[in-house]
């Protein structure tokens, strides 16, 4: 298997953890020095300098605001897979009291070193709608 295929499988396995709601296992894919970026202007947007920072300022608030009604699909549309990462289109659905339900196609750029994800940059297809949903 080529390195690009290994990386594609790693990202599929990682997203499968999120799809199952297995946050702890998903987080085990992160390198200790991983950084994150979420495009937009909502409280969930910005740069996150560590796995702990991302978990505290993105994952936990998202789960709280949706009352755990956040769905990530595994088997994303792979745009590009190479020796140092993957670019994928992920489909998510979120439900929030008072805001209803929203679906999003999120372009995510991952870099990978060894068997760990070292960076994650996320861009929602309709960023304005997502920002409104989180306001």
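Numbering (the numbering used here), first residue to last: 1 to 135. From the three backbone atoms N, C-alpha and C, an ideal C-beta is built for every residue, glycine too.
Discussion item. Judging by CA-CA distance, which residue of 97, 76, 114 and 84 is the nearest neighbour of residue 142?
Written reply: Nothing can be reported for residue 142, as the shown portion of the chain is limited to 1 through 135.
Worksheet item: In terms of residue numbering, what span does the beta strand (DSSP E) encompassing residue 128 cover?
Response: No beta strand (DSSP E) contains residue 128, which is instead part of the alpha helix (DSSP H) from 127-134.
Fill in: Every unbroken alpha helix (DSSP H) inside the segment 30-104 [4 residues or more]
The segment 30-104 contains, as complete alpha helix (DSSP H) runs of 4+ residues, the segments 51-54 and 60-66 (chain order).
Worksheet item: Per DSSP, residue 10 is paired with what?
Response: BP columns for residue 10 are empty, so no partner.
Worksheet item: Mapping DSSP to helix, strand and coil, what is residue 22?
Response: coil
Discussion item. I need the boundaries of the beta strand (DSSP E) containing residue 124, first residue and last residue.
Written reply: 116-124
Worksheet item: Can you name, in chain order, every residue of its own chain whose Cβ lies under 6 Å from the Cβ of residue 47, other than the five neighbours on each side?
Response: 37
Fill in: For residue 117 and residue 21, the rounded distance between their alpha carbons
18 Å
Worksheet item: What residues match up with residue 146 in a beta bridge as DSSP calls it?
Response: Absent from the structure is residue 146, since the part of the chain shown begins at 1 and ends at 135.
Worksheet item: From residue 29 to residue 90, what does the alpha carbon distance come to, in whole angstroms?
Response: 17 Å
Discussion item. Quick check: what's the CA-CA separation for residue 60 versus residue 113?
Written reply: 26 Å
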